[in-house]
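Residue 21 is where the sequence shown starts when you use the working numbering, and the numbers rise one by one after that.
This report concerns only the one structure given below.
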Amino acid sequence: MRHHIVDLSTPARRPRGAERALPKLRGGDILEVVLDDLPSTGYVWQTQELPDGVCDRTADRYGDRLPDPPSEPLACGAGQRTRFLFAVRDDVRAGERVVLRRARPWAQGGDDQRVVLTVA
Numbered sequence: 021m022r023h024h025i026v027d028l029s030t031p032a033r034r035p036r037g038a039e040r041a042l043p044k045l046r047g048g049d050i051l052e053v054v055l056d057d058l059p060s061t062g063y064v065w066q067t068q069e070l071p072d073g074v075c076d077r078t079a080d081r082y083g084d085r086l087p088d089p090p091s092e093p094l095a096c097g098a099g100q101r102t103r104f105l106f107a108v109r110d111d112v113r114a115g116e117r118v119v120l121r122r123a124r125p126w127a128q129g130g131d132d133q134r135v136v137l138t139v140a
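What follows is the structure, encoded as structure tokens:
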């Protein structure tokens, strides 16, 4: 079992309009995706697309503070990190994608953001 961590918690690490490569995923692996979050805006990260061999989120962890470590107390409405954990049941073929979307669930269109991770 391998634990793959994809840290996209800062704009410099997050692909903008491009896909990011994932290593080969095998049955028994864990995929952890770390994203920045600002829940007070109403935007939430959601799973939009997963390969057949990957279970939908097995766990979510919210509330990791930004910056890390904080130099002063966390202000109301400050950003945080959200971590999604995915269990890999079966080997995943090259070219399969994990797509996460950040949007306001009640709004149509708007300032949505997508992260596309493609298995190498």
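Heads up, the beta-carbon is just placed ideally off N, CA and C, and yes, glycines get one too.
Keep in mind it's a predicted model, so treat the numbers as computed, not measured.
Among the options, the one whose alpha carbon lies nearest that of residue i
i	options	result
Asp76	Ala114, Leu120, Gly62, Gly115	Leu120
Arg124	Arg134, Leu55, Val139, Tyr63	Tyr63
Gly99	Pro59, Ala127, Val26, Asp111	Pro59
Arg40	Ala127, Asp72, Ala114	Ala114
Asp27	Gln68, Val74, Val136, Leu55	Leu55
Val139	Gln128, Glu69, Val112, Ala127	Val112
Environment of residue i [buried if 16+ CB atoms lie within 10 Å]
i	result
Trp65	buried
Ser29	buried
Thr61	exposed
Arg46	exposed
Arg22	exposed
Beta carbon of residue i nearer than 8 Å to that of residue j
i	j	result
Asp57	Arg101	yes
>> With three or more C-beta pairs closer than 8 Å as the rule, is the stretch 102-122 touching the stretch 47-57?
In response: Because the criterion of three Cβ pairs below 8 Å is met, the stretch 47-57 and the stretch 102-122 touch.
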